[in-house]
Amino acid sequence: MNDGSSWGDAYITLELAIADAVVSGEPIWIRGGTYRPTTPSGRGATFELTADVRLYGGFDGTEQFTSERDIASNPTILSGDLAWNDTGAFGNRGDNSYHVVTIGEVESRVVLNGLTIRGGNADGTADLDEIGGGVLILDSTGTSEIRVQIEEQSRLEDNSADAAGGAIAGEYAGAEFRDSVVADNRCRGESGTIIEGGGGANLAYLRATQSRFLRNECVGCSGGGVALDLGLAVDPSSLVSVEFIENIAGDTGGGIYHVVELELTNCLLARNEAHADAGAASGRGGGLFGKTLATITNCTVAENLAFNDELDLNSFQVGIGGGTDGAFEGAQFIRNSVYWGNRVDTGSGLHDGHAAQVTVHPGGTVALSPLAYSTVENYIGCTGFGCPFPLPDYANIGDDLVLHDPLFADSTIDNYRHRRIAQTDSADDGSIPEDVNDLDGDADLTEDLPFDLPRSARLKGGAVDMGAYEWCVGDLDGDGIIDGADLGILLTGWGECDPEVPCLGDLDGDGMVDGSDIGTQLANWDCGDESESRMSGPGSGSIESLLADLMSEQAFEEFAELIEWIESLDESEMWEALAPLL
Ligand SMILES: [Ca+2]
Ligand SMILES: [Ca+2]
Ligand SMILES: [Ca+2]
Ligand SMILES: [Ca+2]
0 MNDGSSWGDA YITLELAIAD AVVSGEPIWI RGGTYRPTTP SGRGATFELT
50 ADVRLYGGFD GTEQFTSERD IASNPTILSG DLAWNDTGAF GNRGDNSYHV
100 VTIGEVESRV VLNGLTIRGG NADGTADLDE IGGGVLILDS TGTSEIRVQI
150 EEQSRLEDNS ADAAGGAIAG EYAGAEFRDS VVADNRCRGE SGTIIEGGGG
200 ANLAYLRATQ SRFLRNECVG CSGGGVALDL GLAVDPSSLV SVEFIENIAG
250 DTGGGIYHVV ELELTNCLLA RNEAHADAGA ASGRGGGLFG KTLATITNCT
300 VAENLAFNDE LDLNSFQVGI GGGTDGAFEG AQFIRNSVYW GNRVDTGSGL
350 HDGHAAQVTV HPGGTVALSP LAYSTVENYI GCTGFGCPFP LPDYANIGDD
400 LVLHDPLFAD STIDNYRHRR IAQTDSADDG SIPEDVNDLD GDADLTEDLP
450 FDLPRSARLK GGAVDMGAYE WCVGDLDGDG IIDGADLGIL LTGWGECDPE
500 VPCLGDLDGD GMVDGSDIGT QLANWDCGDE SESRMSGPGS GSIESLLADL
550 MSEQAFEEFA ELIEWIESLD ESEMWEALAP LL
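Start counting the sequence shown at 0; every next residue gets the next number (numbering that gives the first Met the number 0).
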């Protein structure tokens, strides 16, 4: 029958299935493979989704429930590569679809689940054919409502557009991303009649949760990852646990450029760049550039870069912001965050002053200090005209690099966990942010945020940490758990700390690495790993077995007793106890 009633009677084409689903409202299950649109003819071919069509990819063609899918093993690709000839670096795109998917009709809300959308190239001459290579949302009069949910391991990748939104664009439309990736898309920065900018996305409203924007580029335009441009949204765009990494803008906002109000929570902005391409005055806001209020809470903003040759580097009055920049035009309200390693390139060298980390300006709606309870590299305070800080107050730290360097765990694998007590339990802003985007999916939006960026417990210890990561005190290699490797690092630094060098193992900050620090580390042994075997302390492996041996030798019943004993040892006793390990 080929009416989609069973896998054996699957539709012959995806377009036939969509036509029926528009009427029936049934979800469409799609077997792994690559699907290309065939209508309308030529490069206008697109999968047109209206009403509330829901597409689910990632099936192998045997499942009875969506939960049985293995999405990663059954990649389900909607492709604009109509001539089957695409090559890397956007090669052979002149014959591709202008839009792989087109979402029509203002009232619809489409679901794209477990799908990859790639190869769209919006380089046409019609106004709408130069925006939204992967997904075009038709909506010229809407109210910035969410018109498409892109979720569950979906990917928008390798799409391009001339004027706006390489991967996805909608003039007055919103989109929601959950557990999805927008990567390697490009906007060419040609002037657009409707909207402009956004290497990955150009939207009027964005809600994104546990998603990643990677390596998107806006050539000569603003918003390498995302441009949030026009908009009639009532609520601020809301991004929770979202990563922006290595996006590039040829104007302002390497990661994000926003004109609509924005809230960033638990987010990482890392290694994004804002250049000053031909025609652009200057690159501002390597991580983010805003023209209106951005509320930045528990975010890590690291190693972003802005190219700018027209600045007064040590003044907060000048908008440059290698990390984030909201000066003059846009206020930023920053809490519980870490700004470190951001730079401004003036053409004559790299600058690392606090204005290279962040520039903020108190907007009309911000009554409090715009920056508090945060670590800002090279922070030296600010006085005088235009200075946004009512100083001295709050825990803005960073003037002492030895004490306050967060010592990111391993930026080569995008692991920006801090490894210092300076950032731990010190983001005292009254409370943990609310779970506004429902990270744990329990429909409770007012509870405390349950997870940090890597989805371990958001609260470890008495107060929330600064930045996007909650640190297990003693996790000295920053891999999220405490084990023998961390004890090894601690022992390597045994004794008095060198005041000129960050002292990793000094967990209580008394200038010594000693038994007290080992006690702290062992007391946190379960942190970050809830598995049964670790809950009662060390269990297996070389250090684990040593500690188990020590427990039985000393006839301790409780792991806590062992810790107490270790803390009580003097140095020679400590070395003797740990000798079997060394
Ligand atoms: Ca092609
Ligand atoms: Ca929740
Ligand atoms: Ca570790
Ligand atoms: Ca110590």
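Glycine is no exception: its CB is placed at the ideal position from the N, C-alpha and C atoms.
| Asked | Found |
| --- | --- |
| Exercise answer, beta-carbon shell around ligand 6 heavy atoms below 5 Å | With respect to small molecules bound, the structure shown includes ligand 1, ligand 2, ligand 3 and ligand 4 and not ligand 6. |
| Distance, D8 Cα to N1 Cα | 4 Å |
| N-terminal and C-terminal residue of the alpha helix (DSSP H) that T49 is part of | First-last for T49: undefined, no H or E at that position. |
| 6 Å Cβ shell around N265 - same chain, five flanking residues per side excluded | V239, S240, N297, L452 and A467 |
| Contact the stretch 81-95 vs the stretch 51-61: 3+ CB pairs below 8 Å | no |
| Distance CB(F11)-CB(I27) smaller than 8 Å | The sequence shown places Ile at residue 11, rather than the Phe named in the question. In this structure, I27 does not lie closer than 8 Å to I11 by Cβ. |
| Cut-off 7 Å between Cβ atoms - residues of its own chain near E245, not counting five sequence neighbours on either side | L213, R214, R270 and N271 |
| Closest Cα partner of D351 within the set D276, F306 and D485 | F306 |
| Beta-bridge partners of Y55, as assigned by DSSP | W28 and N112 |
| Residues bridged to R206 (per DSSP) | E175 and S237 |
| Proximity test, L651 beta-carbon vs ligand 4 heavy atom, cut-off 7 Å | Any property of residue 651 remains undetermined from this structure, which presents the chain solely from 0 to 581. |
| Bridge partner(s) assigned by DSSP for T86 | G90 |
| DSSP-derived helix/strand/coil call for E433 | strand |
| Residue range of the alpha helix (DSSP H) that includes H353 | H353 to Q356 |
| C186 - partner residues in DSSP beta bridges | A160 and C217 |
| Collapsed DSSP secondary structure at S535 in the structure displayed | The predicted model places S535 with a pLDDT of 45, which falls under 50 and marks its position as unreliable, so this point remains unresolved. |
| Exposed unless 16 or more other CB atoms sit within 10 angstroms - verdict on Q553 | exposed |
| Minimum length 3: unbroken beta strand (DSSP E) runs contained in the stretch 320-352 | 331-334, 337-339 and 342-344 |
| Any non-hydrogen atom of ligand 3 within 7 Å of I481 CB | yes |
| Beta-carbon spacing of I379, S336 below 8 Å | no |
| CB of G254 within 8 Å of CB of F243, strictly | yes |
| Secondary structure of T519, DSSP reduced to three states | helix |
| Reduced DSSP secondary structure (H/G/I, E/B, other) of H257 | strand |
| Own chain, CB closer than 8 Å to V357, minus 5 neighbours either side, in chain order | V300, G320, G322, T323, D324, Q331, I333, Y338, N341, L370 and V375 |
| Bounding residues of the beta strand (DSSP E) (the contiguous stretch that carries E150) | I145 to E150 |
| Cβ-heavy atom distance, A484 to ligand 3, below 7 Å | yes |
| Exposure label - I412; buried when at least 16 CB within 10 Å | exposed |
| Test item: CB-CB of C217 and A248 under 8 Å | yes |
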